[in-house]
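Q: Numbering (the UniProt record's numbering), first residue to last: 1 to 741. This is the structure I want to talk about, given as structure tokens.
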């Protein structure tokens, strides 16, 4: 499996043992070592092997930037370039491991090419929703037909942003739809047919491939550390469903204006909150400085503001969480649904606005509407939080979130069975998965790897060393023999050291640099393919060069956008420069969202391929269109997040909102303030995960309004950086999810 970066190669003897035996799949997960090491549980240690993918050296992109976690936005393209330039390294891994199948992320078409070169089938795994992918392809097809689902729409500013993103996705060689069509026969999608069935079918027609849903793939809860214990203890003191969790993802950094808007919104909401604020790596900003003066003192124990990271899944599962102020990243969307936490949608860019439309369409959340210029409004944030967590008018949303959660959990791994069946038809066992360097992409790839490994596939999960270090901790002994982590080394780029080979904490200004480095890693990826020779490659949406690498070795490559099918469909629709309307009016973008989305589309997944072309290069599509299910991360051990759990345990049922905006988005100070004030004004308990880019020395108190923590007191828990989202969303006290969608 080629995600984004990987560690060790696995012995050929072990791989041969499992070849063509679907009862015993061995998984190689290629990515950066640090990230994977942290996420691989012992139970997967025998079936999931982490393989390092080294990215080529690029200026401004040191190894610690070989991940989107904390990656400065301006280095994202550089990381993508480095990742694509790691194709030769990936090819070497393929030649060494010779897997039966490669599963790669949507932005790695070169993974499919590398696999094809060594006659290994590659399947793309889309970690977006089917609606999003369908719209993205529809947009990129230059058709005059309207998108058939009017509920999925973009405002003008969102459309502009998405078109920008689609233009740059997923690589310089392929358009978005072309990259997706590189996938072999099928495409895996992180989604569920229950709520995206019509989008899955539409996407399948668009790309002429079978779309296989893999389910939610929600991340497992991981062991808690002292920091997490503090969070859980804080949540335990809150009443059930009284707290909102605030997080905007790992790749987006809120502007100061946005931070203020969020902070003020949280403050005015009068609701408990946990807010995770993230800053790009290198930005030395404290939470106190990022927030309005006196904010922490004003919110007091009602709010907890966390810098950088918080255990989102764990927090969302906590019973005190009643809502999730979210950017509506697809993984956060799935976690909210799995744990029955309603969403206060505050989409930022790319697929998120479309996911937010879907949130409202299926009635599991309410969007905090921006003004005509696309700016966050603190009063709107506060009112929306209160509606979702407290007011009688939000009862339908709260009940719907619970209903969807019950359906998803009752279905279990039903979707993954369909994935295994489809892959088995192609006689593919060894899968190389290559996700993008963001947590929001790696997590669903890893969860998909575990699902496949449990169905006796052997997985190579490929990523950069810095990501693999974290992933390793989540591959338990159970998967140690079936999931192998493969390192993909990105080329050296200025301002992008190895620790920036991830979007986690990456300063926003380095995002393009990271994207560039990632794309330049295409030769490294090709080497991995040649070494492992998997039967299939599943790559991310912004890696069409993966398909080229796999194709050159006759290995099928399937794209797996980690966005929803709705978002991908709208993005493709937009990229096709058609005058026809998107056929799903329920999915729409406001003007400021359209502008942002068009910009994002131009940047995703790389300069070589339009977004729709990149999507269509996948031999088949897996969406997060075989829907792959929600792929929600498995719950972590509650003992490791005792403080968060204890805090949530003290809250009444469905009284708390979980607030998180993903691992790649850093709220601006204005947004932090808006969310904070919204949570405060909501009067609802909340757990808010606030993330800052790597290098920004901000503390939560400085990021929040003056006196905020004191004002919110025990009503809110704010965590910096990370929270066990899946664990929190499962907690009975969680009644909503303020999410980036």
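Where a beta carbon is used, it is the ideal one built from N, C-alpha and C, also for glycine. Please read all numbers here as calculations on a predicted model, not as lab measurements.
May I ask which residues mark the beginning and end of the beta strand (DSSP E) holding residue 135?
A: Not the beta strand (DSSP E): residue 135 falls in the alpha helix (DSSP H), residues 130-140.
Q: Per DSSP, what kind of secondary structure is residue 45 in: helix, strand or coil?
A: strand
Q: Where does the unbroken beta strand (DSSP E) through residue 272 begin, and where does it stop?
A: 272-277
Q: Taking the straight line between their C-alpha atoms, what separation do you get for residue 522 and residue 664?
A: 23 Å
Q: Does residue 440 come within less than 8 Å of chain C when only Cβ atoms are used?
A: Absent from the structure: chain C. Only one protein chain is present.
Q: Can you give the beta carbon distance from residue 726 to residue 71, rounded, assuming they're within the 8 Å contact cut?
A: Residue 726 to residue 71, Cβ: 23 Å. No contact.
Q: From the DSSP output, in three-state form, read off residue 57 for me.
A: In the structure shown, the three-state DSSP call for residue 57 is coil.
Q: Starting from the Cα of residue 309, find the closest Cα among 642, 731, 687, 710 and give me that residue.
A: The shortest Cα separation from residue 309 among 642, 731, 687, 710 belongs to 687.
Q: For residue 205, count the other beta carbons within 10 Å of its own beta carbon; 16 or more makes it buried, fewer makes it exposed. Which is it?
A: exposed
Q: By the 10 Å Cβ neighbour count, where 16 or more other Cβ atoms means buried, how is residue 735 classified, buried or exposed?
A: buried
Q: Assign residue 372 to one of two classes, buried (16 or more other C-beta atoms within 10 Å of its C-beta) or exposed (fewer than that).
A: exposed
Q: Output the distance between the C-alpha atoms of residue 627 and residue 115, rounded to the nearest integer angstrom.
A: 23 Å
Q: Taking 8 Å as the threshold (C-beta atoms), are residue 343 and residue 661 in contact?
A: Contact annotation: residue 661 and residue 343 have beta-carbon atoms that are not nearer than 8 Å.
Q: Give me the Cα-Cα distance between residue 732 and residue 500, rounded to the nearest whole angstrom.
A: 37 Å
Q: With a CB to CB cut of under 6 Å and the five nearest residues on each side skipped, what residues in its chain are close to residue 672?
A: 254, 259, 262, 263, 277, 290, 291, 703
Q: What is the DSSP secondary structure of residue 280, reduced to helix, strand or coil?
A: coil
Q: I want to know whether the region 98-107 touches the region 318-334 - three or more CB-CB distances under 8 Å.
A: no
Q: Mind checking whether the beta-carbon of residue 143 lies closer than 7 Å to any heavy atom of the ligand MG?
A: No copy of the ligand MG appears in this structure; indeed no ligand is present at all.
Q: For residue 665, which three-state DSSP category applies?
A: strand
Q: Have a look at residue 488 and residue 130 and give me their C-alpha separation to the nearest angstrom.
A: Between the C-alpha atoms of residue 488 and residue 130 there is a straight-line separation of about 28 Å.
Q: For the beta strand (DSSP E) containing residue 653, list its first residue and its last residue.
A: Looking at the DSSP string, residue 653 is not in any beta strand (DSSP E), and its letter there is neither H nor E.
Q: Could you check if residue 286 is buried or exposed, using at least 16 other CB atoms within 10 Å of its CB as the buried criterion?
A: buried
Q: Kindly indicate the opening and closing residues of the beta strand (DSSP E) around residue 463.
A: Unbroken beta strand (DSSP E) run through residue 463: 458-463.
Q: Looking only at its chain, what residues have a beta carbon closer than 8 Å to the beta carbon of residue 98, apart from the 5 residues adjacent to it on each side?
A: 12, 15, 118, 120, 430, 531, 532, 533, 534
Q: Tell me the rounded alpha-carbon separation between residue 330 and residue 138.
A: Straight-line Cα distance between these residues: approximately 19 Å.
Q: In chain order, what residues of the same chain have a beta carbon less than 7 Å from the beta carbon of residue 377, not counting five sequence neighbours either side?
A: 261, 370, 371
Q: For residue 701, which option in 693, 394, 694, 710 has the closest C-alpha, if you only look at C-alpha atoms?
A: 710
Q: Do the region 61-76 and the region 443-456 touch if we need at least three Cβ pairs shorter than 8 Å?
A: no
Q: Do you know offhand how far residue 155's Cα is from residue 581's?
A: 12 Å
Q: Secondary structure at residue 106, three-state DSSP: helix, strand or coil?
A: Looking at residue 106 - three-state DSSP - the assignment turns out to be coil, as it is neither helix nor strand.
Q: Count the other CB atoms within 10 Å of the CB of residue 1; is the residue buried (16 or more) or exposed (fewer)?
A: Buried is the call here.
Q: Mind checking who residue 516 pairs with in its DSSP beta bridge?
A: Its beta-bridge partners are 78.
Q: Kindly provide the ranges of any alpha helix (DSSP H) runs that are 4 or more residues long and lie completely inside the region 390-431, ordered along the chain.
A: 395-411, 414-425
Q: For residue 714 and residue 527, I'd like the C-alpha separation in whole angstroms.
A: 53 Å
Q: Measuring alpha carbon to alpha carbon, tell me which residue in 659, 641, 553, 646 is nearest residue 742.
A: Given that the chain is displayed from residue 1 to residue 741, the structure contains no residue 742 and the question cannot be resolved.
Q: How would you write the range of the beta strand (DSSP E) that residue 339 sits in, first residue to last?
A: First-last for residue 339: 330-339, but that is the alpha helix (DSSP H), not the beta strand (DSSP E).
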